[in-house]
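J.: The structure under discussion is supplied below as structure tokens; questions concerning it will follow.
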Amino acid sequence: MGRKIFLLAWFLICAVLPAWAQIQKFCIPGVAPSRHVTSLEFSPGVTVVDNNGSVSVNSLTSKLYYAFTPDYNVGIEVPLARFESPDKSANGLGDVLLSAQAVHSVHYIDWGVKLESFLPTATDDTLGTGKWVISPAMFAVLPVNENFFVAAGYKQYVSVAGDGGRQDLNYGRIRLLFSYMDDDQWWITFDPQYYVDYKNSGQAELVWESEIGVMVNAGTALYIKPGAHLGGNWKTRDWTLNMGFKILYL
């Protein structure tokens, strides 16, 4: 736990470094889900599943996204993870994510569709679901002014194949996103998410996430992203913390 607190403190210091680039308003890359740019990202993180029971997953995820145009992109995310609990620990590869996204603008609103696929590549049962999961999503992004936008979306997660001995998945996520992007090239987001488990009737979870980030220069960015379980009778985590370093315009 002390190591995690040290990593958090270190990244908070990095996140408040002054930005040096001059970026156009509302165009900080990677903040609005409808603005595509080719990028390479490295994101260490921790998910504390049960704080009292000392159950957690530490990860380092490499993310590569390629933008064909500002409206179309594809991506791959490869997580390396470590599961820790009093009874067991495991290191290895998690479930690899593939994605494709398209956006169309109508009357200043960006409308988008996204298809993600989680492959059952985890090298240990504790590091993945054991299922091939298909995850279609739709969303809309509304610019309120030059520095602020709101977004809303819905994503469905359904397992279609995989280990017959593992639990099938069928749940949805309703997401709202509020983001402010400052003229000095830093941003902050507030991101409440509501999950509904259709496989187990009555199970739901409200999760909060936020992101604070800064452009270091025209081609790199740093961010920190804390989150926590807020309520509901379905609990997948106590709290989370992700950090990120992005290299843009590859």
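For reference, each letter of the sequence shown is one residue, going 433 to 682 in our numbering.
Even for Gly, the Cβ is constructed at its ideal location relative to N, Cα and C.
1. Compare the C-alpha of residue 517 against each of 496, 483, 499 and name the closest.
2. With a threshold of 8 Å, are at least 3 pairs of Cβ atoms found where one atom belongs to the stretch 532-543 and the other to the stretch 464-481?
3. Rounded to the nearest angstrom, what separates residue 477 and residue 511 at their Cα positions?
4. In the DSSP assignment, what are the bridge partners of residue 661?
5. Fully enclosed by the stretch 512-577, which beta strand (DSSP E) runs are 3 residues long or longer?
6. Along the chain, which unbroken stretches of the beta strand (DSSP E) at least 3 residues long are found entirely within the stretch 469-495?
7. Output needed for residue 551: all residues of its chain with C-beta closer than 8 Å, excluding positions within five of it in sequence on either side, in chain order.
8. Would you kindly work out how many angstroms separate the C-alpha atoms of residue 668 and residue 615, rounded to a whole number?
9. Does residue 723 pass the burial test, meaning 16 or more other C-beta atoms within 10 Å, or should it be called exposed?
10. How many angstroms separate the CA atom of residue 681 from the CA atom of residue 461?
11. Any C-beta of chain D sitting closer than 7 Å to the C-beta of residue 496?
12. Consult DSSP for residue 644 and reduce its assignment to one of helix, strand or coil.
13. Out of curiosity, what's the CA-to-CA distance linking residue 573 and residue 671?
14. With burial defined as no fewer than 16 other Cβ atoms inside 10 Å of the residue's Cβ, what is the status of residue 674: buried or exposed?
15. By DSSP, does residue 607 sit in helix, in strand, or in coil?
16. What are the partner residues of residue 681, as DSSP defines its beta bridges?
17. Could you check what DSSP says for residue 624 in three-state terms: helix, strand or coil?
18. Beta carbon of residue 638, beta carbon of residue 659: below 7 Å?
19. With the cut-off set at 7 Å, would you say residue 607 and residue 625 are in Cβ contact?
20. Determine the contact status of residue 524 and residue 555, defining contact as a CB-CB distance below 7 Å.
T.: With the structure as the only source:
1. Sequence index remark: in the sequence shown, residue 517 carries index 85 (1-based). Answer by Cα proximity: 483.
2. Per the Cβ contact rule, the stretch 532-543 is in contact with the stretch 464-481 (3 or more Cβ pairs under 8 Å).
3. Position 45 of the sequence shown, counting from 1, holds the residue named residue 477. Position 79 of the sequence shown, counting from 1, holds the residue named residue 511. The straight-line gap from Cα to Cα measures roughly 10 Å.
4. As a working note, residue 661 is residue 229 in the sequence shown. Residue 661 is bridged to 639.
5. Listed in chain order, they are 521-525, 529-538, 541-550, 563-575.
6. Unbroken beta strand (DSSP E) stretches of 3 residues or longer found wholly inside the stretch 469-495: 471-482, given in chain order.
7. For the purposes of this step, residue 551 is taken as residue 119 along the sequence shown, with counting starting at 1. 527, 528, 529, 530, 564.
8. Sequence index remark: in the sequence shown, residue 668 carries index 236 (1-based). Sequence index remark: in the sequence shown, residue 615 carries index 183 (1-based). One C-alpha to the other measures close to 37 Å.
9. Any property of residue 723 remains undetermined from this structure, which presents the chain solely from 433 to 682.
10. Within the sequence shown, residue 681 is the residue found at index 249, counting from 1. Within the sequence shown, residue 461 is the residue found at index 29, counting from 1. Going from the Cα of residue 681 to the Cα of residue 461 covers about 9 Å.
11. Of the protein chains in the structure, only one exists, and it is not chain D.
12. The residue labelled residue 644 in the question sits at position 212 within the sequence shown. If DSSP states are grouped into helix, strand and coil, residue 644 belongs with the strands.
13. On the sequence shown, residue 573 is found 141 positions in, with the first residue counted as 1. On the sequence shown, residue 671 is found 239 positions in, with the first residue counted as 1. When rounded, the separation of the alpha-carbon atoms in residue 573 and residue 671 is 27 Å.
14. Along the sequence shown, one-based indexing puts residue 674 at 242. Residue 674 comes out buried.
15. Start at 1 with the first residue of the sequence shown, and residue 607 comes out as number 175. It is a strand residue.
16. Numbered from its first residue, the sequence shown carries residue 681 at position 249. Answer is none; residue 681 lacks a bridge partner.
17. Counting from 1 along the sequence shown, the entry for residue 624 is found at position 192. Strand at residue 624.
18. Here residue 638 refers to the residue found at position 206 when the sequence shown is read from its first residue. Here residue 659 refers to the residue found at position 227 when the sequence shown is read from its first residue. For the pair residue 638 and residue 659, the CB atoms are not nearer than the 7 Å cut-off.
19. Here residue 607 refers to the residue found at position 175 when the sequence shown is read from its first residue. Here residue 625 refers to the residue found at position 193 when the sequence shown is read from its first residue. The answer is yes: Cβ separation under 7 Å.
20. Working through the sequence shown from its first residue, we reach residue 524 at position 92. Working through the sequence shown from its first residue, we reach residue 555 at position 123. Yes, they are a contact pair.
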